[in-house]
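Structure first, commentary second.
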Amino acid sequence: MIPWLDPGDPFPPVSTALKEPSGLLAAGADLSVQRLIQAYRQGIFPWFSAGDPILWWSPDPRMVVFPAELDVSRSLQKTLRKHAFEIRVDTGWPRATCFRAVMSACAGAPREGQSGTWITNEMLDAYCALHQQGIAHSVETWIDGALAGGLYGIALGGAFYGESMFAHSTDASKIAFVHLVRQLERWQFGIIDCQMRTDHLARFGAREIPRSEFSALLAKLVNCNNPVTKSPWKFDDDLHE
């Protein structure tokens with residue numbers, strides 16, 4: 104059994120999350136900006152299907168990328184050196200028009216080991232509100248003036264929580280991801296949360312760590328006074344070199 108959260112109820116300790124399904128912690132509450140910030144600060148995220156109650160998760164182990172451990176394949180390095188793309192970040196902030204477009208594209212993109220989408224209209228509205236507050240960010244790959252791929256996630260202190268990515272062109276999401284990781288390393292972010300294991304992210308150097316280790320890292324990182332946390336972000340021009 105998991106607890107049902109009413110508005111104002113605190114999250115239970117992440118150590119009480121179920122082992123099967125892995126990390127299911129609680130249900131209910133809401134997707135307000137305040138609730139989402141409270142969740143991410145503790146390493147908790149919402150994930151549920153349309154028509155279902157809000158479900159909150161904290162899996163063990165946790166898939167993460169340490170920015171200094173980024174692994175870029177030779178073929179992707181060649182693509183990056185061609186410069187046949189433009190990287191934009193938080194385009195149009197704070198109106199969230201492009202951020203919503205990135206999220207909507209992610210909703211239609213297949214996700215490894217999963218069917219359907221958890222990016223409902225309710226989730227779209229909630230994360231666009233986070234974006235307008237300067238907490239959620241989009242990293243976009245543009246090719247020939249069109250949005251070709253990208254990703255979005257949450258930044259709190261020195262931690263970034265990756266949510267989802269999409270690609271309409273070959274390697275477009277990978278290009279955005281590499282630029283994100285390289286920039287976060289320069290900004291001294293300590294960790295990028297990938298939530299659950301995928302082979303795709305493992306190829307970039309992502310690895311699993313115990314939830315207890317993840318929680319201990321977050322306790323330090325989310326309280327960092329990071330001046331680049333707020334929108335709009337601007338990446339360095341030489342990240343692909």
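Residue 104 is where the sequence shown starts when you use the numbering used here, and the numbers rise one by one after that. Even for Gly, the Cβ is constructed at its ideal location relative to N, Cα and C. Please read all numbers here as calculations on a predicted model, not as lab measurements.
Assigned exposure category for residue i - 16 Cβ within 10 Å defines buried
i      : result
Ser276 : buried
Leu321 : buried
Arg184 : exposed
Asp193 : buried
Ala132 : buried
Gly252 : buried
His186 : exposed
Ser218 : Confidence at Ser218 is low in this model, with a pLDDT of 44, below 50, so its placement is unreliable and no value can be given for it.
Gly216 : Residue confidence for Gly216 is low, a pLDDT of 48 falling below 50, so the modelled location carries little weight; the figure read from the coordinates is stated next. Gly216 is exposed by the Cβ-count criterion.
Thr119 : exposed
Arg285 : buried
Asp112 : exposed
Ser178 : exposed
Glu243 : buried
Asp296 : buried
Met206 : buried
Gln145 : buried
Ala319 : exposed
Gly154 : exposed
Val117 : buried
Asp109 : exposed
Among the options, nearest to residue i - alpha-carbon criterion
i      : options                        : result
Leu128 : Pro106, Lys323, Cys209, Ala279 : Pro106
Leu342 : Glu288, Asn328, Ala305         : Glu288
Gly248 : Asp340, Ile190, Val117, Phe148 : Ile190
Ala262 : Gln298, Phe269, Thr273         : Gln298
Trp245 : Asp274, Gln180, Tyr264         : Asp274
Thr223 : Met268, Gln291, Ser152         : Ser152
Ala279 : Gly265, Ser125, Ala305, Pro110 : Gly265
Asp340 : Ala204, Arg310, His282         : His282
Cys327 : Leu304, Ser318, Gln291         : Gln291
Ala304 : Trp196, Met268, Ile257         : Looking at the sequence itself, residue 304 is Leu, so the reference to Ala does not match. Nearest of Trp196, Met268, Ile257 to Leu304, Cα basis: Met268.
Ala171 : Ser318, Ala309, Gln180         : Ala309
Gly260 : Glu123, Tyr143, Pro124         : Tyr143
Gly256 : Thr182, His271, Gly195, Ile140 : Ile140
Pro124 : Pro197, Pro110, Met104, Asp109 : Met104
8 Å Cβ cutoff met for residue i and residue j
i      : j      : result
Gln235 : Ala210 : no
Ser241 : Cys201 : yes
Phe114 : Trp159 : yes
Pro313 : Asp163 : yes
Ile294 : Leu324 : yes
Ile157 : Ala130 : yes
Leu121 : Phe307 : no
Leu233 : Ala204 : no
Glu311 : Arg300 : yes
Uninterrupted alpha helix (DSSP H) stretches inside the stretch 151-210 (no shorter than 4 residues): Correct list: 177-185, 200-210.
Counting Cβ pairs, one atom from each stretch, are 3 or more of them under 8 Å apart for the stretch 167-186 and the stretch 236-244? no
Answer yes if the stretch 225-235 comes into contact with the stretch 124-138, meaning at least three C-beta pairs across the two stretches below 8 Å, and no otherwise. yes
At 3 residues or longer, what runs of the beta strand (DSSP E) sit wholly inside the stretch 227-312? 239-246, 249-259, 262-270, 294-298, 310-312
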